[in-house]
Structures are given as C-alpha cells and as structure tokens.
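If you read the protein sequences in the order shown, they are chains W and P. Position one of the first sequence corresponds to residue 1221 (our numbering), numbered consecutively onward. Position one of the second sequence corresponds to residue 517 (our numbering), numbered consecutively onward. Where a beta carbon is used, it is the ideal one built from N, C-alpha and C, also for glycine.
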Amino acid sequence: MKETGKPTANPMLVLREEFDDWAILFDPDTGDAHALNPISVFVWKRLDGHHSVDDIMSELVKSCDDVPENAQTEVIKFIDELLEQGYAGYEI
Amino acid sequence: MAWNVKQDESLKKEIPTLNQIYFYLTEGCNLACRHCWLAPKLQKKKHQYPVLDFDLFRSIVEQGKKLGMTGVKLTGGEPLMHPDIEQLLKYLIDQDVSVTIETNGVLCTPEVAMLVAKNKNVFVSVSLDGTDSRIHESIRGVKGCFEEAIQGIRNLVNAGIAPQIIMTLMRRNKHQIEAMVRLGERLGAHSVKFNMVQPTERGKKMHELDETPSVKELIEIGKWVEETLAGDTQLKLYYDSPAAFRPLSRLYGQEGTGCNVCGILGILGVLADGSYSLCGIGSAVSELVFGHASRDRLDKVWKETKILEEIREGMPKKLTGVCASCLMVGSCFASCLAQNYYRTRNIWAPFWFCDLAFQEGIFPQTRLYKKQQILA
Chain W
1221 MKETGKPTAN PMLVLREEFD DWAILFDPDT GDAHALNPIS VFVWKRLDGH
1271 HSVDDIMSEL VKSCDDVPEN AQTEVIKFID ELLEQGYAGY EI
Chain P
517 MAWNVKQDES LKKEIPTLNQ IYFYLTEGCN LACRHCWLAP KLQKKKHQYP
567 VLDFDLFRSI VEQGKKLGMT GVKLTGGEPL MHPDIEQLLK YLIDQDVSVT
617 IETNGVLCTP EVAMLVAKNK NVFVSVSLDG TDSRIHESIR GVKGCFEEAI
667 QGIRNLVNAG IAPQIIMTLM RRNKHQIEAM VRLGERLGAH SVKFNMVQPT
717 ERGKKMHELD ETPSVKELIE IGKWVEETLA GDTQLKLYYD SPAAFRPLSR
767 LYGQEGTGCN VCGILGILGV LADGSYSLCG IGSAVSELVF GHASRDRLDK
817 VWKETKILEE IREGMPKKLT GVCASCLMVG SCFASCLAQN YYRTRNIWAP
867 FWFCDLAFQE GIFPQTRLYK KQQILA
C-alpha cells in the first residue's frame, strides 16, 4: 500500500460486530465472509479516506495497552489484504 | 488478522487428498450406550461379531499412504476390543501416520496404554458420560464400566498420554458438566469435549423420547461452557456445536479451539466388514457403502465414487435450508453430512440443530447473510 495513502473501506461490504468485539465482514453478493479480531475491527472502522496508517497506529496506541512492536507491520499487511481483495481502495 | 470463513475455491478443481481413514474396527461393542449413533451389537463371550481383518487393515493403510493419507482413526464399536489390537498398534508405530483412538477406556490396560504411547503422534479420546458410576453406567448400559474407564484414563496418563474426555450431553448428565471438567483436571486429561446426541440410530430414539436437551438449552449450555467455564480451567474445552453458534474468538482466536468442520472432503470410512463408507454411516445406510477393500482398490474408490464426486463438486454451494444462508458454511460444511443424509436422504440437507434453531428463531442473526425477518 502507499505509505501515505488513506484507504477507504468498500461500502458494499457489511460488518457485523459481535459480543466479544470480534466481527464478521462479508460481501452480501457473494457470501464471502471473514472473521475479524478486535484490532482488525478497529482498523476497518478507520478506513474512511481520512486516516493514514500512521493515524490509525496513533489512535491504536492511545486506545490499547501493550501494543506489540510488530503492530504496524501487521496493520499494513491487513490493509494490503483488503486492498488486494477489493475490500478497500483509494478515492480517486 | 482476518480469517476466511469460506471454502478455498481450489478445493473444487481437483480431487482432494485423502487425509485420514476412519477404521470402525469392530462391529460389536463391550458397552451398550443409549445414545450411540452406530448402534453396534453388545458383544458377549457367547457371540463374537465381525472385526476388520488385520491384513486388510494393513493393505488399506499402505494404499492410503500412497494417496497422501497422514492419519488414521481407530474407532468402533470399541477399537481396543479388536483381537489383534496389539499387532495393529505395533504395525502403526512404523507407519509415520498420526493415530487417533476413540475408546470407552474399559479395555485400556497398562500394556495397551504403553503400546499406544509408542506411537509418536497419537491422540486418544475416552468417553465418559458421568462423573459417577450411577450416571455413567445408566447411559453406557454395563455395570462396572465407570471404574474401568477411569482406570483406563489413569493407565493412559501413566503411559504419558493425556487423553481427551468426551462427554455426550443428555438430560440425565447435563448437571455434571463442570464436575466433568474438574474430574478431567484431577485425572490429568488433555481436554474435555462436549458432544450433542446426534439423532442417528440409538440417538434418534433418545431425541424421540425427549431424553436430550433442547436446542435452546444446548445453545445456552454452549455459551456458558465457552464464555465462562473455559476461562476457569487449564484444560481446553471443546463444545461441539456448529460454527454459527460459537464465538468467533473461540473459533479463530489464539486461545481458540477451531471449527467443527465436517471433514468429509478428506476422510473415508472403513467398516468392520471391510466395506468402504462415508464415515461410519454405511453401517446404517447401505447406499453410502462404496465397495469393499478385498476387491476394490482404494484409489479407485476415492477418486471415482459418484457420491464423493458430487460432494466435492457441490460443497458448500449446493447446501440447502439455513446452510444456504449461513455465513459460516465454509467453516462448517453443514456440520455432518452423514447425519444430514441419514435424517433426510438428501446429502445437501441442513444440519438438524441449525435447522431447528432457525425454525425457532434462535439462530444467531449475525451469522446469516440476511437477517431472519428478511428471509422469513
């Protein structure tokens, strides 16, 4: 992904949050579904075209205790997977 | 950070690897469990029922390994009742395959346990349906089998194997769930798994007699086990309800126990008489027997059996009912195809538990493509 990019979540997808802070993200057209852990949900909700990875990381550090050292790498990897599957993109 | 809950598309394009063979080693059993989904005959000294021939077993294992098989499950009936069980266990030591044994523990002597432990990659589950002899034996139908099962577990632990305890939930034992976990802790078990009674063979009768908890009760028990009890023990707890009813954190999280996916795409059953079958259900449903190991080559059975081809081609998109609307279908495959076929004679029928929950309006709404009020 572009380091300075501010990705946007695909608005056609549905996020269903559950009691344990995990969520199911799915495409209602195809039924393709993914289970997201709480950190992924946190990231997904900030894919609004206004947050860069640095912005997301900054909010994550403020919101969570004991953020692991590799968190940024994992967040970038997650967003890359979303971009690859068309679950997120950049506004032109 | 995300887990795909849909089937890998590549599975549909080629014949999947035969991962594991379930060997139903004995047609008889030394217990007479009221919930058994296979209903083996109670074997007494007077009458011996067929067992899988050892040479046939060896031939199937050899053929299976050529197809990529990495594991065998020994079950029954009661696998430890097989007259050649020691020979069979010794043979498996050198085969470089994982060995899973499902036993009632009664015949698990120190010698058998030591032999089992010689297999490098072995997993043993022992069925215990009560924490005392009164409950356990009222379910398993043979006096004295509780203490024998407990001793069998101790023998396994002494041999270095921490077994899984499997408890099948019924009205008469559901109050002993926590006590079973504590018993498992004291005995040195690896984990405790809670199964539902499947409405197959004797289990079907139990459902008809209302001897099993309702779907609503099972859902509530599952929530308590997964959300409360699991956090209050060092043992891993497995609750065998379909993926749609289980917390995502317990399915996919670091401390999770994975999905209860029907493994039918990589599994074949062999019955005690040497027949190939869809799991063990061929013993109750003759059309799910695919041939016989004495005359049919395993690779031909695995690659050319029509019903297996249909399942590979259609899974999961041909599933019907609530399964067709469930977001977890790729992690579940309708839970148990054998049970679904037994109940409806339709391989694509939904799993009974999910079907009932949906009808009763208690299917988890977040796990449906469209929420129930829209579907109805």
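query = Helix, strand or coil: how does DSSP classify Gly774(P) here?
reply = The count along the second sequence starts at 1 and reaches residue 774(P) at position 258. Reduced to three states, the DSSP call for Gly774(P) is coil.
request  = Measure the CB-CB distance between Ser765(P) and Leu734(P) and report whether it falls below 8 Å.
outcome  = Against the second sequence, residue 765(P) aligns to sequence position 249. Against the second sequence, residue 734(P) aligns to sequence position 218. In terms of Cβ geometry, Ser765(P) and Leu734(P) do not form a close pair [threshold 8 Å].
inquiry  = Strictly under 8 Å for the Cβ-Cβ distance: is Thr533(P) near chain W by that measure?
reply    = Your numbering for residue 533(P) matches position 17 in the second sequence. No, its Cβ sits nowhere closer than 8 Å to a Cβ of chain W.
message = Within 8 Å, do at least three Cβ pairs link the region 676-694 of chain P to the region 575-582 of chain P?
response = no
ask   = So, does the CB of Pro758(P) fall closer than 8 Å to a CB anywhere in chain W?
value = For the purposes of this step, residue 758(P) is taken as residue 242 along the second sequence, with counting starting at 1. No, because no Cβ of chain W sits closer than 8 Å to the Cβ of Pro758(P).
request  = Might you give, ordered along the chain, the residues of its own chain that have their beta carbon closer than 8 Å to the beta carbon of Val638(P), omitting 5 neighbours on each side?
outcome  = By one-based count along the second sequence, residue 638(P) stands at place 122. Here the set comprises Ser614, Val615, Thr616, Ile617, Val632 and Ile677.
ask   = Can you tell which of Lys739(P), Asp812(P), Ile666(P) and Glu742(P) has the C-alpha that lies nearest to the C-alpha of Ala705(P)?
value = Against the second sequence, residue 705(P) aligns to sequence position 189. Comparing Cα-Cα distances from Ala705(P) to each of Lys739(P), Asp812(P), Ile666(P) and Glu742(P), the minimum goes to Ile666(P).
ask   = Does the Cβ of Ile682(P) have 16 or more other Cβ atoms within 10 Å, making it buried, or fewer, making it exposed?
value = Taking the second sequence and counting its residues from 1, one reaches residue 682(P) at position 166. Note on Ile682(P): 16 or more other CB atoms within 10 angstroms of its CB, so buried under the neighbour-count rule.
message = Just verifying my parser: in three-state terms, what is the DSSP assignment at Met696(P)?
response = By 1-based counting over the second sequence, the position of residue 696(P) is 180. It is helical.
task = Using only alpha-carbon positions, find the residue among Leu604(P), Ser847(P) and Pro595(P) that is nearest to Arg574(P).
result = Within the second sequence, residue 574(P) is the residue found at index 58, counting from 1. Of the listed residues, the one whose Cα sits closest to Arg574(P) is Leu604(P).
task = Starting from the Cα of Leu590(P), find the closest Cα among Cys852(P), Ile651(P) and Asn620(P) and give me that residue.
result = Taking the first residue of the second sequence as position 1, residue 590(P) is located at position 74. It is Asn620(P) whose Cα lies nearest to the Cα of Leu590(P).
CA-to-CA distance, His1270(W) to Pro532(P), given in whole angstroms = Position 16 of the second sequence, counted from the start, is the residue given in the question as residue 532(P). Position 50 of the first sequence, counted from the start, is the residue given in the question as residue 1270(W). Straight-line Cα distance between these residues: approximately 45 Å.
message = Between which two residues does the alpha helix (DSSP H) holding Leu631(P) run?
response = Taking the first residue of the second sequence as position 1, residue 631(P) is located at position 115. Note, Leu631(P): alpha helix (DSSP H), Pro626 to Ala633.
Residue closest to Ala873(P), alpha-carbon to alpha-carbon, out of Cys842(P), Gly846(P), Trp864(P) and Thr860(P) = As a first step, residue 873(P) must be located in the second sequence, where it is residue number 357. Taking only the C-alpha atoms, the option nearest Ala873(P) is Cys842(P).
ask   = Using the beta-carbon of each residue, which ones in chain P are nearer than 7 Å to Pro1231(W)?
value = Sequence index remark: in the first sequence, residue 1231(W) carries index 11 (1-based). Near Pro1231(W) there are no residues of chain P at all, since even the closest Cβ is about 17 Å away, more than 7 Å.
task = Run down chain P in chain order and give the residues with a C-beta less than 7 Å from the C-beta of Arg1236(W).
result = Within the first sequence, residue 1236(W) is the residue found at index 16, counting from 1. Listed by position along chain P, the residues whose Cβ is nearer than 7 Å to that of Arg1236(W) are Thr882.
query = Under a three-way DSSP split, which group does Asn674(P) fall into?
reply = Here residue 674(P) refers to the residue found at position 158 when the second sequence is read from its first residue. Helix, per DSSP.
inquiry  = One question on the structure: do Asn674(P) and Cys624(P) come within less than 8 Å of each other, judged by their Cβ atoms?
reply    = On the second sequence, residue 674(P) is found 158 positions in, with the first residue counted as 1. On the second sequence, residue 624(P) is found 108 positions in, with the first residue counted as 1. Not in contact: Asn674(P) and Cys624(P) (Cβ atoms no closer than 8 Å).
ask   = When the Cα of Ser730(P) is compared with those of Gly837(P), Met712(P) and Gln536(P), which residue comes out closest?
value = Reading the second sequence from its first residue, position 214 is the one you call residue 730(P). The residue with the shortest Cα to Cα distance from Ser730(P) is Met712(P).
Rounded distance between the beta-carbons of Val588(P) and Phe539(P), thought under 8 Å = In the second sequence, counting from the first residue as 1, residue 539(P) sits at position 23. In the second sequence, counting from the first residue as 1, residue 588(P) sits at position 72. Contact holds; Cβ gap of about 6 Å.
message = According to DSSP, Lys560(P) sits in a beta bridge with which residue or residues?
response = Here residue 560(P) is taken as the residue at index 44 of the second sequence, counted from 1. Answer by DSSP bridge pairing, in chain order: His563(P).
task = Return the residue from the list Gly785(P), Val708(P) and Ile797(P) that minimises the CA-CA distance to Ala746(P).
result = Taking the second sequence and counting its residues from 1, the one referred to as residue 746(P) is at position 230. Per the Cα distances, Val708(P).
Separation of Thr773(P) from Glu743(P), as counted between CA atoms = Position 227 of the second sequence, counting from 1, holds the residue named residue 743(P). Position 257 of the second sequence, counting from 1, holds the residue named residue 773(P). Looking at the two C-alpha atoms, the distance is approximately 13 Å.
inquiry  = Please identify, using Cβ separations under 8 Å, the residues of the region 1251-1269 of chain W that lie next to chain P, in order along the chain.
reply    = Gly1251, Asp1252, Ala1253, His1254, Ala1255, Leu1256, Asn1257, Ile1259, Ser1260 and Val1263
Contact list for Ser791(P) against chain W, beta-carbon separation under 8 Å = Counting from 1 along the second sequence, the entry for residue 791(P) is found at position 275. Chain W residues near Ser791(P): none, gap ~36 Å exceeds 8 Å.
request  = Compare the C-alpha of Ile655(P) against each of Val838(P), Gly738(P), Ala548(P) and Leu751(P) and name the closest.
outcome  = Walking along the second sequence from the start, residue 655(P) turns up at place 139. The residue with the shortest Cα to Cα distance from Ile655(P) is Ala548(P).
ask   = Does the beta-carbon of Thr716(P) have 16 or more other beta-carbons within 10 angstroms, so that it is buried, or is it exposed?
value = Along the second sequence, read from residue 1 onward, the residue named residue 716(P) stands at position 200. So Thr716(P) counts as buried.
ask   = Asn907(P) by DSSP, collapsed to three states: which one?
value = Residue 907(P) is absent from the structure shown; chain P starts at 517 and stops at 892.
ask   = How is Ser503(P) classed by DSSP in three states: helix, strand or coil?
value = No statement about residue 503(P) is possible, as the shown extent of chain P runs from 517 to 892 and does not include it.
query = Thinking C-beta only, is Arg762(P) closer than 8 Å to Cys552(P)?
reply = To locate residue 552(P), count along the second sequence from 1; it is residue 36. To locate residue 762(P), count along the second sequence from 1; it is residue 246. No, these two residues do not count as a Cβ contact at 8 Å.
key: Supposed contact pair Ala759(P) and Cys848(P) - C-beta distance, whole angstroms, cut 8 Å   = Within the second sequence, the letter at position 332 stands for residue 848(P). Within the second sequence, the letter at position 243 stands for residue 759(P). Contact holds; Cβ gap of about 4 Å.
inquiry  = Can you tell me whether Lys659(P) is buried or exposed? The criterion is at least 16 other CB atoms within 10 Å of its CB, across all chains shown.
reply    = To locate residue 659(P), count along the second sequence from 1; it is residue 143. Exposed, by the Cβ-count rule.
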